[in-house]
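*Asks:* In this text, residue positions in the sequence shown follow the UniProt record's numbering: the first is 1, and each later residue adds one. A virtual CB, placed ideally from N, CA and C, is assigned to each residue, including glycine.
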Amino acid sequence: MTYKSDDVVGRVKTYEAIVKGETIPRPGVPESFRVLVKELQALGLDMKVLDEAEEEIELRDMDEEDDVVNMERLNKQSEAMKRD
Numbered sequence: 001m002t003y004k005s006d007d008v009v010g011r012v013k014t015y016e017a018i019v020k021g022e023t024i025p026r027p028g029v030p031e032s033f034r035v036l037v038k039e040l041q042a043l044g045l046d047m048k049v050l051d052e053a054e055e056e057i058e059l060r061d062m063d064e065e066d067d068v069v070n071m072e073r074l075n076k077q078s079e080a081m082k083r084d
């Protein structure tokens, strides 16, 4: 799986990992996929995302919600690294 341009959280986490020299995290769910699921549900389809074991996955569970992206903090870190 790749990082899509509309996976904002994934893009920021990838950038942070590259800047810090850390391991790049796994991709999250692109916003376009979330929109597709919601549109299909709006049409009355019982749309569910399943894992390999055919267990239902909540889309919010596929992202790390505890890890809030703070763009201001990221910009400050980037500026600090440029000065060093």
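Around the Cβ of Val9, are there at least 16 other Cβ atoms within 10 angstroms (buried) or fewer (exposed)?
*Replies:* By the 10 Å Cβ count, Val9 comes out buried.
*Asks:* Since Gly28 and Asp46 should fall inside the 8 Å C-beta cutoff, what is the C-beta to C-beta distance between them, to a whole number of angstroms?
*Replies:* No, Gly28 and Asp46 are not in contact; Cβ-Cβ is about 24 Å, not under 8 Å.
*Asks:* Does Ile24 come out as helix, strand or coil in the three-state DSSP assignment?
*Replies:* Coil, per DSSP.
*Asks:* Using the Cα positions of Glu39 and Ser32, report the straight-line distance between them to the nearest angstrom.
*Replies:* Between Glu39 and Ser32, the C-alpha separation is close to 10 Å.
*Asks:* Quick one: give me the first and last residue of the alpha helix (DSSP H) that Leu36 is part of.
*Replies:* Where Leu36 is concerned, the enclosing alpha helix (DSSP H) stretches over Glu31 to Ala42.
*Asks:* Buried or exposed: where does Lys13 fall if 16 or more other Cβ atoms within 10 Å of its Cβ makes it buried?
*Replies:* Counting Cβ neighbours within 10 Å, Lys13 comes out buried, since at least 16 surround it.
*Asks:* For residue 85 and Lys20, I'd like the C-alpha separation in whole angstroms.
*Replies:* Within the shown structure, residues of the chain are numbered from 1 to 84, placing residue 85 beyond reach of any answer.
*Asks:* What is the DSSP secondary structure of Leu59, reduced to helix, strand or coil?
*Replies:* DSSP places Leu59 in helix when its eight states are reduced to three.
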